[in-house]
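*Asks:* Protein chains in written order, with the numbering used here: chain W, 395 to 537; chain E, 395 to 537.
Protein chains: 2
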Amino acid sequence: MKKSSRVKDLRPWDVCSGQDAGDVRDLLSRVGDKWSIFLIVSLSKRPDQRARFSEIEKGIPGISQRMLTTTLKSLARDGFVSREVFPEVPPRVEYELTDLGRSILIPMQGLVNWVGQNWPTVKKSRAKKDSEVEAKTVRKRQF
Amino acid sequence: MKKSSRVKDLRPWDVCSGQDAGDVRDLLSRVGDKWSIFLIVSLSKRPDQRARFSEIEKGIPGISQRMLTTTLKSLARDGFVSREVFPEVPPRVEYELTDLGRSILIPMQGLVNWVGQNWPTVKKSRAKKDSEVEAKTVRKRQF
DNA sequence: CGGCATCCGTTCCGATACTG
DNA sequence: CAGTATCGGAACGGATGCCG
Numbered sequence: 395m396k397k398s399s400r401v402k403d404l405r406p407w408d409v410c411s412g413q414d415a416g417d418v419r420d421l422l423s424r425v426g427d428k429w430s431i432f433l434i435v436s437l438s439k440r441p442d443q444r445a446r447f448s449e450i451e452k453g454i455p456g457i458s459q460r461m462l463t464t465t466l467k468s469l470a471r472d473g474f475v476s477r478e479v480f481p482e483v484p485p486r487v488e489y490e491l492t493d494l495g496r497s498i499l500i501p502m503q504g505l506v507n508w509v510g511q512n513w514p515t516v517k518k519s520r521a522k523k524d525s526e527v528e529a530k531t532v533r534k535r536q537f
Numbered sequence: 395m396k397k398s399s400r401v402k403d404l405r406p407w408d409v410c411s412g413q414d415a416g417d418v419r420d421l422l423s424r425v426g427d428k429w430s431i432f433l434i435v436s437l438s439k440r441p442d443q444r445a446r447f448s449e450i451e452k453g454i455p456g457i458s459q460r461m462l463t464t465t466l467k468s469l470a471r472d473g474f475v476s477r478e479v480f481p482e483v484p485p486r487v488e489y490e491l492t493d494l495g496r497s498i499l500i501p502m503q504g505l506v507n508w509v510g511q512n513w514p515t516v517k518k519s520r521a522k523k524d525s526e527v528e529a530k531t532v533r534k535r536q537f
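Here it is in structure tokens:
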């Protein structure tokens, strides 16, 4: 067994043009920013996939108010969440995952599964390569 | 029909913890950078999922030499591609998609499908929201 | 409460020049 | 050919203060 066990027969990208890759990149950089995925998942776990600003904030440790505002705004711009303002004092604003926002959870689940299976491999590879580089650097420094 | 047609019954993230979301974010920001997805797809389309530096460069319009080097290096660090140097003059270096690199194409295909179906919706939402903001800005400017 | 405006350090990335 | 080194602009994102 040399090449026989490899995942070679997969042809998942046969239909994929450069245009597709471009659009996928747009999606990835959209949803691959620092907080979007957390917002989407956080909303998806609530009853009615709905919460107000301060609730979301509490649910996501480490996020700044500025980034919560910013990220919610751009998610709303792209139609992943909807925003509803209630004319009260103090003001109340609720955000809800839209159908579009919910729909992306399906392909995302594929990534979750992949990560669950393969992320340890990635981390091992990273550590291994890093230690090799470290060794080289040390060797260099000796001269 | 108000809420009946919604994609509500989906529960794809039931098993997903905050840790999962964190790892998924790591993956997304890893693969969501400007060029990684292009490199992976580009390699996946070649015979043997393998090509040398200059071939990849030609296949990806707009990429700078610096970013090709950088991106290949970090993909290699994480184990998505392997790097082989041939001791010749002029030097030849070949990169090949690893099993790990190939395996991620499967969940990626889900994203490709999603993008194919839903990206127009996103772009429409974007345009709509932008024009609304534009209208508001103009209204403000009148005073 | 739910923002927005500002400042500011960090990271990203393209352009360019140089090297084994 | 396949890089490395350096620079500089742009974008990201945290901290802080103000405001309806």
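Idealized CB from N, CA, C, for every residue including glycine.
1) Using a threshold of 8 Å, state whether the C-beta atoms of V475 (chain W) and T463 (chain W) are closer than that.
2) Quick one: measure Cβ to Cβ for R477 (chain E) and S438 (chain E), integer angstroms, because I've assumed they're closer than 8 Å.
3) Look up A541 (chain E) in the DSSP assignment and give the residues it is bridged to.
4) R419 (chain E) and D472 (chain W): beta carbons closer than 8 Å?
5) For the beta strand (DSSP E) holding R477 (chain E), just list the boundary residues, first then last.
6) Starting from the beta carbon of I450 (chain W), find every residue of chain E whose beta carbon is closer than 8 Å, and list them in chain order.
7) To the nearest angstrom, report how far apart R444 (chain W) and R460 (chain W) are at their CA atoms.
8) If you run the structure through DSSP and keep just helix, strand and coil, what is K539 (chain E)?
9) Return the first residue and the last residue of the alpha helix (DSSP H) that I434 (chain E) is part of.
10) Which residues of the region 475–488 of chain E have a Cβ closer than 9 Å to any Cβ of chain W? Give them in chain order.
11) Would you check if the distance between the CB atom of I457 (chain E) and the CB atom of E449 (chain E) is smaller than 8 Å?
12) Rounded to a whole number of angstroms, what is the C-alpha to C-alpha distance between V435 (chain W) and K518 (chain E)?
13) Hey, does I498 (chain E) have any beta-carbon neighbour from chain W nearer than 8 Å?
14) What distance in whole Å lies between the Cβ atoms of V506 (chain W) and D414 (chain E), which are believed to be in contact at a cut-off of 8 Å?
15) Chain W partners of P501 (chain E), CB-CB under 8 Å?
16) With DSSP as the reference, label G495 (chain E) as helix, strand or coil.
17) Tell me the DSSP secondary structure of D427 (chain E) in three-state form.
18) Closest to L494 (chain W) by CA distance: which of W:A470, W:E482, W:A529 is it?
19) Exposed or buried, what is K402 (chain E) when buried is set at 16 or more other beta-carbons lying within 10 Å of its beta-carbon?
*Replies:* A quick look at the data gives this:
1) no
2) Between S438 (chain E) and R477 (chain E) the Cβ distance is about 17 Å, and since that is not below 8 Å, they are no contact.
3) There is no way to answer for residue 541 (chain E), as the model of chain E reaches only from 395 to 537.
4) no
5) 475–480
6) In chain order: nothing, as chain E lies at least about 14 Å away.
7) 20 Å
8) What the structure shows of chain E is the stretch from 395 to 537, and residue 539 (chain E) is not part of that stretch, so it cannot be assessed.
9) Looking at the DSSP string, the run of the alpha helix (DSSP H) that includes I434 (chain E) is 430–438.
10) none
11) no
12) 23 Å
13) For I498 (chain E), the nearest beta carbon of chain W is closer than 8 Å to its own beta carbon.
14) That pair is a contact at about 6 Å.
15) P501, G504, L505, N507, W508
16) helix
17) coil
18) Of the candidates W:A470, W:E482, W:A529, the one whose C-alpha sits nearest the C-alpha of L494 (chain W) is W:A470.
19) The predicted model places K402 (chain E) with a pLDDT of 49, which falls under 50 and marks its position as unreliable, so this point remains unresolved.
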